[in-house]
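Letter by letter, the sequence shown follows residues 13 to 242 of the numbering used here. One structure is given here, and the rest of the page talks about it.
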Amino acid sequence: MPASVALREAVLHDVLGHPAFGTVPPVGARLVVAVGSNAAPDVLRRKLAHVPSADTICLRAVHVTNITVGHSAHVAARGYLPAAPVFAGQQTIGTIAAWLGPAHVAALDATEPNYHRQTVNTRDHPLTHGRPATLLSDDRPPLPTDFDLYVSRHGVLADPATGEPLPFGPQADVLAWLSRKLDDVSLAAPASQVCTRLAADPQATTGRIRAAGLSRPCGSDDLLPIGHGR
Numbered sequence: 013m014p015a016s017v018a019l020r021e022a023v024l025h026d027v028l029g030h031p032a033f034g035t036v037p038p039v040g041a042r043l044v045v046a047v048g049s050n051a052a053p054d055v056l057r058r059k060l061a062h063v064p065s066a067d068t069i070c071l072r073a074v075h076v077t078n079i080t081v082g083h084s085a086h087v088a089a090r091g092y093l094p095a096a097p098v099f100a101g102q103q104t105i106g107t108i109a110a111w112l113g114p115a116h117v118a119a120l121d122a123t124e125p126n127y128h129r130q131t132v133n134t135r136d137h138p139l140t141h142g143r144p145a146t147l148l149s150d151d152r153p154p155l156p157t158d159f160d161l162y163v164s165r166h167g168v169l170a171d172p173a174t175g176e177p178l179p180f181g182p183q184a185d186v187l188a189w190l191s192r193k194l195d196d197v198s199l200a201a202p203a204s205q206v207c208t209r210l211a212a213d214p215q216a217t218t219g220r221i222r223a224a225g226l227s228r229p230c231g232s233d234d235l236l237p238i239g240h241g242r
């Protein structure tokens with residue numbers, strides 16, 4: 013096993029060994045499917061470490077159909093263009109889902125000011141268990157008939173001529189696309205440099221994206237308001 017892989021697995025083993033994580037979904041939990049950094053157990057632990065709850069976080073690998081991944085049409089506080097779900101096509105993505113108790117859900121909502129949590133039904137977006145991810149339990153708790161996703165409040169990056177969303181990719185590719193669309197060569201500099209500069213005033217570039225018509229809604233007609241059926 014390469015040293016880098018061994019190191020990642022050691023870190024993951026340490027994270028999942030934390031008391032915050034368990035193998036059984038807590039009673040009354042919501043299933044939240046991650047698109048982006050929330051799929052990383054260490055990110056969830058960091059975001060939810062302060063929550064005074066006895067509920068544990070139960071993680072499983074899942075597959076979701078009729079959802080793809082694009083980029084939110086905003087610049088995050090750290091200067092990058094984050095991931096966001098796009099409700100389009102018939103593709104299937106593999107990711108991580110977390111069963112979260114009420115206190116953990118509320119805390120996670122508070123960490124996502126640029127997203128709103130929406131309920132999606134499994135009739136239109138089939139959800140199945142994936143192959144067990146490294147070091148995750150291979151138990152398969154029953155999947156609910158609906159689940160939650162964080163949807164960008166800004167829409168997703170898309171070509172203004174065709175409406176086609178920009179597929180998720182490396183920051184260098186996203187910035188190169190923005191450089192062409194905004195006619196701004198400074199965005200074609202090395203991604204690390206551009207992100208550092210954008211982080212100084214993320215709202216400015218977010219505004220330029222909006223003004224240039226480079227965003228579109230996530231594309232779902234079947235999103236249910238939070239609280240539906242609860």
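All C-beta atoms, glycine included, are put in the ideal place defined by N, C-alpha and C. Since we're looking at a predicted model, the values are computed, not measured.
Taking the CA atoms as reference points, Arg209 sits about 7 Å from Gly91.
Between Val55 and Phe180 a beta carbon distance of about 17 Å is seen, past the 8 Å cut, so the two are scored as non-contacting. Ranked by how close their Cα comes to the Cα of Pro202, the residues Asp213, Pro182, His83 have Pro182 in first place.
For Ile105, the three-state secondary structure derived from DSSP is strand. By the Cβ neighbour-count rule, His86 is buried, with 16 or more other Cβ atoms within 10 Å of its own. Counting only runs of 3 or more residues that sit fully inside the stretch 55-116, the beta strand (DSSP E) segments are 69-77, 80-83, 95-98, 104-112, in chain order. Taking the CA atoms as reference points, Phe159 sits about 12 Å from Val74. Val47 is positioned such that its CB atom lies no closer than 9 Å to that of Leu178. In the structure shown, Asn50 adopts helical secondary structure according to DSSP, grouped into three states. Annotation: the continuous alpha helix (DSSP H) that includes Val206 extends over 203-211. Beta-bridge partners assigned by DSSP to Gln130: Leu161.
A distance of 9 Å or more separates the beta carbons of His83 and Ala100. Gly34 is bridged by DSSP to Cys70. Between Thr157 and Thr134 the beta-carbon gap is near 5 Å, inside 8 Å, which marks them as a contact.
Remark: C-beta atoms of Gly34 and Thr68 approach each other more closely than 9 Å. Judged by their CB atoms, Leu60 and His116 are nearer to each other than the 9 Å cut-off.
Pro125 carries a coil assignment under DSSP once its states are collapsed to helix, strand and coil. Leaving aside the five residues that flank Ala216 on each side, none in its chain has a CB nearer than 6 Å to its CB.
DSSP places Val186 in the uninterrupted alpha helix (DSSP H) bounded by 183-194. Following the DSSP letters along the chain, one finds Thr140 inside the beta strand (DSSP E) bounded by residues 139-141.
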